[in-house]
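Protein chains in written order, with the numbering used here: chain A, 589 to 764; chain B, 12 to 175.
Just so you know, even glycine gets a beta-carbon here, dropped at the ideal spot from N, CA and C.
All values reported here derive from a predicted model rather than from experimental measurement.
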C-alpha cells in the first residue's frame, strides 16, 4: 500500500477515536474533587423536627448515604421509588438534604411520594449543598465510617448505579 | 410680565422633566457591594468561573440558580476580606478545575494546551517537506525546436497552421 495514503488514514483514526470516546462521555458529569476527601461538616435543622439538629458528627462510625433532594426537583421523582425501596431494605442509613426548598413543600412532597429517609435536614439557602459541590439535584453521596466521601452519584440514582456501584461499595465499606 | 412668566414656567417645567430621571436614580438604594472597585473585582472573578448548570456560560453571565449562589458566595468572600486566590481555591475545592473557565496547565490538560501548537508544528513540517520535494523535482525536459516554434507562434498570436 502506498505509504502516503497511510498518513491521512492514521489522522482519521486518531480523530475518530477521540470523537468516539467523546460521544460516550456525559459533559454534565463533572468529576467531583471531593471524592476521597472528608465530607464537609454540617449541622442543620431537621425537616420534621426543626427544634432538633442533625449533622455529619452524628453519623461518625457508620457508612451512610446523603441524598440531595427538593420538592421542586423533577428528576428527584424519577429516583424516588428506588430510594423508597432502599429505605425499606434498611441496608444503609439514608439522610436527605432538603436543598433550597420550602420546608412545608418538602414535607408535603414526602407525604405524597413516601419518605425513604431516616431523616432529612433543611439546607434552605443551599450553603451546605455548595460545600458538597452540588450543581444538579438530585445527587447522592456515599460516606464512609471515617466521614470520607467515597462516591458521588450525579443525577437520579438508577437501578444500575445502585446495584453495580452504590450497594457493593456500601457493603465493602461496612465490612472494614 | 405675564408674557415673560409663561416661557419661564415652560422652561422650568422642561428642566424639571429632564432632571426627573436623575432624581429617581438618586432615590434608589445603592447596595454596598456596588462600590466600584469591589464590584469590578467581583465581576472579574465571576468571569473566570464556569456555571456548572449552563456550562458554556460564566457565573457572571448565567441566570441559573447555581450561578446566583456562586456570585453571592464570591461577593461574601470579598466582603470577608479573602484574596482572589482564596476564592478561586474555594471554588475548585468544591467543583474541581472544571469550574475554571481557563483550565490550568497540568499533566492532564497538556493535550488541550499543547494540541494547537502540535498541529501547527505538524502543518509546518508538512509544508516544509512539500517545498523541499518541489525543489528537488527535475527541470522539465527542454523543448524540442518544433515545440519552441509552436510556442513562439502561439505567443505571437499568429494563427496556427498545423491544425489537425
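Using a Cβ cut-off of 9 Å (strictly closer), state whether residue i contacts chain A.
i	result
residue 84 of chain B	yes
residue 112 of chain B	no
residue 32 of chain B	With a pLDDT of 49 at residue 32 of chain B, under the threshold of 50, the modelled position of that residue is not reliable, and no figure is offered here.
residue 105 of chain B	yes
residue 159 of chain B	no
residue 131 of chain B	no
residue 108 of chain B	yes
residue 64 of chain B	yes
residue 36 of chain B	Unreliable placement is indicated for residue 36 of chain B, whose pLDDT of 45 sits below 50; the coordinate value is still reported in the next sentence. No, no contact with chain A.
residue 77 of chain B	yes
residue 81 of chain B	yes
Using 9 Å as the limit for Cβ to Cβ distance, is residue i near chain B?
i	result
residue 609 of chain A	no
residue 640 of chain A	no
residue 714 of chain A	yes
residue 743 of chain A	no
residue 684 of chain A	no
residue 621 of chain A	yes
residue 592 of chain A	no
residue 799 of chain A	For residue 799 of chain A there is no data in the structure shown, the boundaries of chain A being 589 and 764.
residue 756 of chain A	no
residue 643 of chain A	no
residue 724 of chain A	yes
residue 616 of chain A	yes
residue 750 of chain A	no
residue 688 of chain A	yes
residue 597 of chain A	no
residue 718 of chain A	yes
Within the continuous alpha helix (DSSP H) that includes residue i, where are the two ends?
i	result
residue 95 of chain B	95–106
residue 668 of chain A	662–677
residue 76 of chain B	76–90
residue 50 of chain B	47–57
residue 72 of chain B	Unbroken run through residue 72 of chain B: none, as it is neither H nor E.
residue 63 of chain B	Unbroken run through residue 63 of chain B: none, as it is neither H nor E.
residue 165 of chain B	156–167
Could you check the C-alpha separation between residue i and residue j for me, to the nearest Å?
i	j	result
residue 724 of chain A	residue 138 of chain B	48 Å
residue 741 of chain A	residue 82 of chain B	25 Å
residue 715 of chain A	residue 663 of chain A	21 Å
residue 685 of chain A	residue 654 of chain A	7 Å
residue 79 of chain B	residue 636 of chain A	28 Å
residue 158 of chain B	residue 152 of chain B	12 Å
residue 733 of chain A	residue 71 of chain B	39 Å
residue 57 of chain B	residue 85 of chain B	7 Å
residue 113 of chain B	residue 749 of chain A	32 Å
residue 695 of chain A	residue 73 of chain B	30 Å
residue 617 of chain A	residue 67 of chain B	14 Å
residue 632 of chain A	residue 647 of chain A	13 Å
residue 148 of chain B	residue 140 of chain B	13 Å
residue 634 of chain A	residue 692 of chain A	12 Å
residue 61 of chain B	residue 622 of chain A	18 Å
residue 593 of chain A	residue 160 of chain B	42 Å
residue 53 of chain B	residue 89 of chain B	7 Å
residue 129 of chain B	residue 675 of chain A	53 Å
residue 48 of chain B	residue 92 of chain B	13 Å
residue 620 of chain A	residue 722 of chain A	9 Å
residue 122 of chain B	residue 59 of chain B	21 Å
residue 766 of chain A	residue 609 of chain A	Chain A is shown only over 589 to 764; residue 766 of chain A falls outside these bounds and no answer can be derived.
Where do the N-terminal and C-terminal ends of the beta strand (DSSP E) with residue i fall, by residue?
i	result
residue 701 of chain A	Careful: residue 701 of chain A lies outside any beta strand (DSSP E), inside the alpha helix (DSSP H) at 691–701.
residue 133 of chain B	Careful: residue 133 of chain B lies outside any beta strand (DSSP E), inside the alpha helix (DSSP H) at 121–147.
residue 683 of chain A	682–687
residue 110 of chain B	It is not in any beta strand (DSSP E) - residue 110 of chain B carries neither H nor E in the DSSP assignment.
residue 707 of chain A	707–711
Are there three or more Cβ pairs, one per stretch, closer than 8 Å when the segment 728–736 of chain A is compared with the segment 752–759 of chain A?
yes
Which ranges would you report for the alpha helix (DSSP H) in the segment 713–763 of chain A if only whole runs of at least 4 residues count?
715–719 and 755–763
Three CB pairs or more closer than 8 Å across the segment 623–634 of chain A and the segment 733–748 of chain A:
yes
Pair every Cβ in the segment 595–604 of chain A with every Cβ in the segment 685–702 of chain A, then say whether three or more of these pairs are closer than 8 Å.
no
Can you give, in chain order, each stretch of the alpha helix (DSSP H) that sits fully within the segment 592–655 of chain A and has at least 4 residues?
none
I'd like to know if the segment 114–124 of chain B and the segment 91–101 of chain B are in contact, where contact means that at least 3 CB-CB pairs between them fall below 8 Å.
no
Please determine if the segment 695–709 of chain A and the segment 666–682 of chain A are in contact, where contact requires at least 3 C-beta pairs separated by less than 8 Å.
yes
Cβ contact (3+ pairs, closer than 8 Å) linking the segment 130–148 of chain B and the segment 645–652 of chain A
no
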